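Undergrad:
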């Protein structure tokens, strides 16, 4: 890419990423094959065994991933040497990925509504540079709207924590 | 004539006030989903699907399919005003749509795009109305071998028609099949590939996969691009609409060609995205103003929009008649049928007349209502697009999480969702197609059971897939599709040789 300077250095090349993905899929294919081989991929008195269909899926998976790997190893074009992701954009991706993981873990302990309010509020203050009271109002507003939609209107229970039980839910 | 009467009956089902309201809600939600980056039709419907468990299947499909029409309309708004395709199939709309908006002709571009979407959909629905009952009654004679061979054709078409590498298409498809096989085998009651984790007992739900692949993955991509929206302002007044409608009939040939391409690629699972590009490319080649394409030609908006909407609509034809979806969104709707307790396939036309014809009538009414809604509400959606991504991103993540949780009320699904998000992100960047993965995940169990039944019938011999002319020709066609990348290469080579020889 020409915009190397804007986005910082490249982290990993497309070439490397292609190879890594292909190898990961090959491992998955091998795993599918062995697991179903152990289960039985032949015939018994009732017809095909459980592993029959998935075993061959594993075989095709392994073959196609090998095909991807070979094509990639033979390829010699410039675009392939380009970075898969640059430093700056990767930081931006992590800005959403890491909070998302924390958010999902938090849902287990404090319930989805409180976690959502905190998640949206922090995100708005941190990345959106909003004033805290606007962010809080928005975060709490979305959480309340979710609560009304799911618990009250559609009667679909979502994970709840200590705060909700305080209100008797 | 029979189809016509059934259709009239379907209109009766749709025009009940309750269903009509679901339709309008569906369209509004759909446009919103289509406008916002990171929320597509497939995962938007996946998120809302659990909410419809309590509704009657007919109301549910009316609402969910209207989300689909809404999203098809909505994708164009973001493309034309902001040069950001809200959906992959509206990428081609940006080529001429955005230049038009920059010239201050956004109203014309939007009217042209909505109207041609509408025309494309209408042609596709008319084809569905008359073709679907014929295909369904034909398919009633199908046995397991025929069903498996049709499914084979669907999957092989991805290889033959996709522009991605054939190996990548196959790999992505096989990952879907493998994931579908995880968990309890319903035939023998054995556990497969759970590797000792009780969480994997129920396998991977395709809704969670769709939400992760398309929702979380898309958010990651959007964050990476670091979007800042700079949009053209838009107002549509009745004068502009009338003026544009006066010009549009000039492009009837482009429209018809677009609709034909769209229907073809929608029924065979090529999908709306390649259809829009192909239609744009052909319009550019055939138009008198072909060299001006890309600078803001109305015709350059008409071509991709007609094709995309025709493809999106006709993708429901194989879903309704054969139980085989033509696009990821159709796959999610098909999953919905299973959840509502309907058995997809040709029997639907016999046993669930209300459902089938209600769905088809909803396509007509939904598109008319949709056209009216989008023409009148453009400023609203433009305003929503100006909301900064630092608000939209966490809200979409929260909505995706709620959606993934409600599928099975299982916490583990949220972690699967993030996992699928990573897969979606990496696969998109490396040009692995995601649609085959989703379709394989939805159809995996069905394909396996029809394969097993066919094998049982034949005693394990693959020759059953060539046992009569019907199954044989479908299997044969599948093989041509599967090896098409190779065949076309050979043809290309031969042609080049042929050309150089005389010299």
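Protein chains in written order, with the working numbering: chain A, 36 to 204; chain B, 14 to 516.
Don't be surprised by glycine CBs; every beta carbon is placed ideally from N, CA and C.
Note that the coordinates shown come from a computational prediction; the quantities given were computed from them, not determined experimentally.
(1) Just by C-beta distance, which residues in the segment 191-210 of chain B are closer than 8 Å to chain A?
(2) Apart from the five residues just before and just after residue 63 (chain A), which ones in its own chain have a Cβ nearer than 7 Å to its Cβ?
(3) Could you tell me whether the Cβ of residue 437 (chain B) comes closer than 9 Å to any Cβ of chain A?
(4) Hey, is residue 447 (chain B)'s beta-carbon within less than 9 Å of any beta-carbon in chain A?
(5) If you drop the 5 nearest sequence neighbours on each side, which residues of the same chain put their C-beta closer than 6 Å to that of residue 386 (chain B)?
(6) Can you give me the C-alpha to C-alpha distance between residue 72 (chain B) and residue 32 (chain B), rounded to a whole angstrom?
(7) Applying a beta-carbon distance threshold of less than 8 Å, which residues of chain B neighbour residue 143 (chain A)?
(8) Which partner residues of residue 120 (chain A) appear in the DSSP bridge assignment?
(9) Go ahead and label residue 21 (chain B) buried or exposed: buried means 16 or more other beta carbons lie within 10 angstroms of its beta carbon, across all protein chains shown.
(10) Could you tell me which chain A residues have their CB closer than 8 Å to the CB of residue 7 (chain B), listed as they occur along the chain?
(11) Could you run through the segment 450-480 of chain B and flag, in chain order, every residue whose CB is less than 7 Å away from some CB of chain A?
(12) Which ranges would you report for the alpha helix (DSSP H) in the segment 63-113 of chain B if only whole runs of at least 4 residues count?
(13) Starting from residue 195 (chain A), follow its DSSP beta bridges and name the residues at the other end.
(14) If you run the structure through DSSP and keep just helix, strand and coil, what is residue 277 (chain B)?
(15) Would you tell me roughly how many angstroms separate the C-alpha atoms of residue 26 (chain B) and residue 154 (chain B), rounded to the nearest one?
(16) So if DSSP puts residue 79 (chain A) in a beta bridge, which residue, or which two residues, is it bridged to?
(17) Would you give the residue range spanned by the alpha helix (DSSP H) that residue 384 (chain B) belongs to?
(18) I need the straight-line Cα distance from residue 150 (chain B) to residue 331 (chain B), nearest angstrom please.
(19) Mind reading off the beta-carbon distance from residue 222 (chain B) to residue 451 (chain B)? Whole number of angstroms is fine, and I expect it under 8 Å.
(20) Residues in the same chain with beta-carbon distance under 7 Å from residue 42 (chain A), minus the five sequence neighbours each way, listed in chain order, please.
(21) Of all the alpha helix (DSSP H) runs that stay within the bounds of the segment 138-193 of chain B, which reach a length of 4 or more residues?
(22) Quick one: Cα of residue 391 (chain B) to Cα of residue 90 (chain B), how far?
(23) Within 9 Å of any Cβ in chain B, is that where the Cβ of residue 162 (chain A) sits?
(24) What residues from the segment 42-72 of chain B come within 8 Å of chain A, judged by C-beta to C-beta, listed N to C?
(25) Go to residue 206 (chain B), then tell me how far its alpha helix (DSSP H) extends in each direction, as first and last residue.
(26) Spatial neighbours of residue 71 (chain A) within its chain, please: CB distance less than 7 Å, with the 5 preceding and 5 following residues excluded, ordered by chain position.
(27) Touch check for the segment 137-145 of chain B and the segment 321-330 of chain B: three-plus C-beta pairs under 8 Å?
(28) Whole angstroms is fine: what's the gap from residue 122 (chain B)'s alpha carbon to residue 259 (chain B)'s?
(29) Let's test the definition: count the other Cβ atoms within 10 Å of the Cβ of residue 302 (chain B) and tell me whether it reaches 16, buried, or not, exposed.
(30) Tell me whether residue 197 (chain B) sits in a helix, a strand or coil according to DSSP, three-state version.
(31) Which residues of chain B have a Cβ atom closer than 7 Å to the Cβ of residue 80 (chain A), listed in chain order?
(32) For residue 100 (chain A), return the contacting residues in chain B, with the cut-off set at a CB-CB distance below 8 Å.
(33) I'd like to know whether the C-beta of residue 58 (chain A) is nearer than 9 Å to at least one C-beta of chain B.
(34) Would you mind reading off the limits of the alpha helix (DSSP H) that contains residue 187 (chain A)?
(35) Step through the CB atoms of chain B and report whether any lies within less than 9 Å of the CB of residue 46 (chain A).
TA: This is what the structure gives:
(1) Listed by position, the residues of the segment 191-210 of chain B near chain A (Cβ gap below 8 Å) are 191, 194, 198, 200, 201, 203, 205, 206 and 208.
(2) Residue mapping note: residue 63 (chain A) aligns to position 28 of the first chain, counting from 1. Excluding sequence neighbours, residue 63 (chain A) sits near 96.
(3) Locating residue 437 (chain B) in the second chain gives position 424, counting from the first residue. Taking Cβ atoms only, chain A never reaches closer than 9 Å to residue 437 (chain B), which makes this a no.
(4) Here residue 447 (chain B) corresponds to residue number 434 of the second chain, with the count starting at 1. Chain A, which has no Cβ nearer than 9 Å to the Cβ of residue 447 (chain B), makes this no.
(5) If you number the second chain from 1, residue 386 (chain B) lands on position 373. Cβ within range, chain order: 40.
(6) Position 59 of the second chain, counted from the start, is the residue given in the question as residue 72 (chain B). Position 19 of the second chain, counted from the start, is the residue given in the question as residue 32 (chain B). Note on geometry: alpha-carbon atoms of residue 72 (chain B) and residue 32 (chain B) lie some 6 Å from one another.
(7) Within the first chain, residue 143 (chain A) is the residue found at index 108, counting from 1. The contacting residues are 424.
(8) The residue labelled residue 120 (chain A) in the question sits at position 85 within the first chain. For residue 120 (chain A), which the question treats as bridged, DSSP gives the partners A:47.
(9) By 1-based counting over the second chain, the position of residue 21 (chain B) is 8. Exposed.
(10) Chain B is shown from 14 up to 516; residue 7 (chain B) falls before or after that span and cannot be answered.
(11) If the cut-off is 7 Å between Cβ atoms, the segment 450-480 of chain B has 461, 464, 465, 468, 469 and 473 near chain A.
(12) For the segment 63-113 of chain B, whole alpha helix (DSSP H) runs of length 4 or above, ordered along the chain, are 70-95.
(13) By 1-based counting over the first chain, the position of residue 195 (chain A) is 160. Answer is A:146.
(14) Along the second chain, one-based indexing puts residue 277 (chain B) at 264. Residue 277 (chain B) carries a helical assignment under DSSP once its states are collapsed to helix, strand and coil.
(15) To locate residue 26 (chain B), count along the second chain from 1; it is residue 13. To locate residue 154 (chain B), count along the second chain from 1; it is residue 141. Looking at the two C-alpha atoms, the distance is approximately 29 Å.
(16) Locating residue 79 (chain A) in the first chain gives position 44, where the first residue counts as 1. Paired residues: A:82.
(17) Taking the second chain and counting its residues from 1, one reaches residue 384 (chain B) at position 371. Taken as a continuous stretch (DSSP letters only), the alpha helix (DSSP H) holding residue 384 (chain B) covers 366-398.
(18) If you number the second chain from 1, residue 150 (chain B) lands on position 137. If you number the second chain from 1, residue 331 (chain B) lands on position 318. Going from the Cα of residue 150 (chain B) to the Cα of residue 331 (chain B) covers about 13 Å.
(19) Locating residue 222 (chain B) in the second chain gives position 209, counting from the first residue. Locating residue 451 (chain B) in the second chain gives position 438, counting from the first residue. Between residue 451 (chain B) and residue 222 (chain B) the Cβ distance is about 7 Å, and since that is below 8 Å, they are a contact.
(20) Residue numbering aside, residue 42 (chain A) sits at position 7 when the first chain is read from its first letter. So the qualifying residues of the chain are 121, 122, 123 and 124.
(21) Runs of the alpha helix (DSSP H) inside the segment 138-193 of chain B: 157-174.
(22) Locating residue 391 (chain B) in the second chain gives position 378, counting from the first residue. Locating residue 90 (chain B) in the second chain gives position 77, counting from the first residue. Answer to the nearest angstrom: the Cα atoms are 8 Å apart.
(23) Here residue 162 (chain A) refers to the residue found at position 127 when the first chain is read from its first residue. Yes, its Cβ sits closer than 9 Å to a Cβ of chain B.
(24) Listed by position, the residues of the segment 42-72 of chain B near chain A (Cβ gap below 8 Å) are 63, 64 and 67.
(25) Residue 206 (chain B) sits at position 193 when you count from the first residue of the second chain. Looking at the DSSP string, residue 206 (chain B) is not in any alpha helix (DSSP H), and its letter there is neither H nor E.
(26) As a position in the first chain, residue 71 (chain A) is number 36, starting the count at 1. Answer for residue 71 (chain A): 86, 89, 90 and 93, listed in chain order.
(27) Yes, since at least three Cβ pairs between the segment 137-145 of chain B and the segment 321-330 of chain B fall closer than 8 Å, the two stretches touch.
(28) By 1-based counting over the second chain, the position of residue 122 (chain B) is 109. By 1-based counting over the second chain, the position of residue 259 (chain B) is 246. Computed Cα separation, rounded: 13 Å.
(29) Working through the second chain from its first residue, we reach residue 302 (chain B) at position 289. Residue 302 (chain B) is exposed by the Cβ-count criterion.
(30) Position 184 of the second chain, counted from the first residue, corresponds to residue 197 (chain B). It is a strand residue.
(31) Translated into positions along the first chain, residue 80 (chain A) becomes position 45. Under the 7 Å cutoff, chain B gives no residues; its nearest Cβ is about 11 Å from residue 80 (chain A).
(32) Start at 1 with the first residue of the first chain, and residue 100 (chain A) comes out as number 65. What residue 100 (chain A) touches in chain B: 180 and 184.
(33) Here residue 58 (chain A) corresponds to residue number 23 of the first chain, with the count starting at 1. No, residue 58 (chain A) lies away from the interface with chain B (no Cβ there is under 9 Å from its Cβ).
(34) One-based indexing of the first chain puts residue 187 (chain A) at position 152. Counting along the chain, residue 187 (chain A) falls outside any alpha helix (DSSP H), and DSSP gives it neither H nor E.
(35) Counting from 1 along the first chain, the entry for residue 46 (chain A) is found at position 11. It does not; no Cβ of chain B falls within 9 Å.
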